[in-house]
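**Q** Count along the sequence shown from 1, add 56, and you get the number used in this note's numbering. Using N, Cα and C, we set each Cβ at its ideal position, and we do this for glycine too.
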Amino acid sequence: MMKKQYGLGLRSAYAEQLLSKNQDIDWLEVHAENYFNPHSYDYHLLKRIAEHSPISVHGVGLSLGSTDPLNQHHLEKLKALIDDVNPFIVSEHLSWSSVNGRYYNDLLPLPYTEECLALFISRVNQAQDFLGRQLLIENPSAYLAYHESHIHEPEFLNQLVQATGCGLLLDINNVYVSGHNLAWDTKAYFEQLNINAVKEIHLAGFTPKVIGDRTVLIDSHNQKVHQEVWQLYRYFQQHFANTIPTLIEWDSDFPELSVLVNEVNTAKGIDQSLNEVNCA
């Protein structure tokens, strides 16, 4: 059986601490756009870290769901980074963030319709052809649903995989956040998803926010993984897969590196306990 790998998002707040390989972290993931300048100090650190740690590249600005033409300059920068660092995974989001050349600082959800599916298929194919790599597409966190949406998200992703050959990045925190906000059955989500296409898992923290008479969960990535998400992760690992590379995301309000490593070790502990039960 393939040994499971556990990763951490590489952020400048603690990049220098990772110049020497941390034995509790198997791999590191970078946000692509932070490394588009090959002459920056962060890029220099990344190259040194990549000498001993496998790297994955996670894009946040390609805006695959936009009706704007794909940004050729962005694609060229992304390809240059990929060619130089040779990541074992390249990923992006099921979202859009630009219109008429204007970019928004958010990953906005799509209406799940046949028209949007056809658009997204076309753009994933364009991106994969240009990059010469398979992309993993990450499920988004959602706060509102479009009236026009009539394809459930896992089926939308399944059809995308079938049409493009892309893989999936399953963000279990996003499944929980969207499930809470939109009243989805999160366990049924897993049952409907093409698990064979999932090549990476993300875990992160959310922030509850009271709006009127309801509580909305915000995908904030600035605190520990909540117990409800750990429970959903345990359920997924127990019933569907236990060797998919798993990453802890933390993007602001950074704690000490030891706190992040403890989060990685919590994921390891859950998987180890499940393996012990299966072997008993």
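1. With H, G and I counted as helix, E and B as strand and the rest as coil, what does DSSP make of Arg67?
2. Which runs of the beta strand (DSSP E), 3 residues or longer, sit entirely within the segment 67 to 138?
3. Per DSSP, which residues does Lys265 bridge with? Please list them.
4. Could you tell me the distance, in whole angstroms, from the CA atom of Gly235 to the CA atom of Ile228?
5. Would you kindly work out how many angstroms separate the C-alpha atoms of Asn156 and Gly121, rounded to a whole number?
6. In this structure, how does DSSP classify Asn142 when only helix, strand and coil are distinguished?
7. So Arg189 is in the beta strand (DSSP E); what residue range does that whole segment cover?
8. Give every residue of the same chain whose Cβ lies closer than 7 Å to the Cβ of Met57, excluding the five residues on either side of it in the sequence, and list them in chain order.
9. Apart from the five residues on each side of it in sequence, which residues of its chain come closer than 8 Å, Cβ to Cβ, to Arg67?
10. Based on Cα-Cα distance, which residue from Tyr245, Tyr99, Glu89, His87 lies nearest to Glu72?
11. Can you look up Trp152 in the DSSP assignment and give me helix, strand or coil?
12. Decide if Glu171 is buried, meaning its Cβ has at least 16 other Cβ atoms within 10 Å, or exposed.
13. Can you give me the start and stop residues for the beta strand (DSSP E) that Val254 sits inside?
14. Three-state secondary structure (DSSP) at Ile300?
**A** Taking the structure as given:
1. coil
2. 83 to 87, 111 to 114
3. Val272
4. 10 Å
5. 13 Å
6. coil
7. Unbroken run through Arg189: none, as it is neither H nor E.
8. With a pLDDT of 44 at Met57, under the threshold of 50, the modelled position of this residue cannot be trusted, and the question is left open.
9. Trp306, Asp307, Phe310
10. Tyr99
11. strand
12. exposed
13. 254 to 259
14. coil
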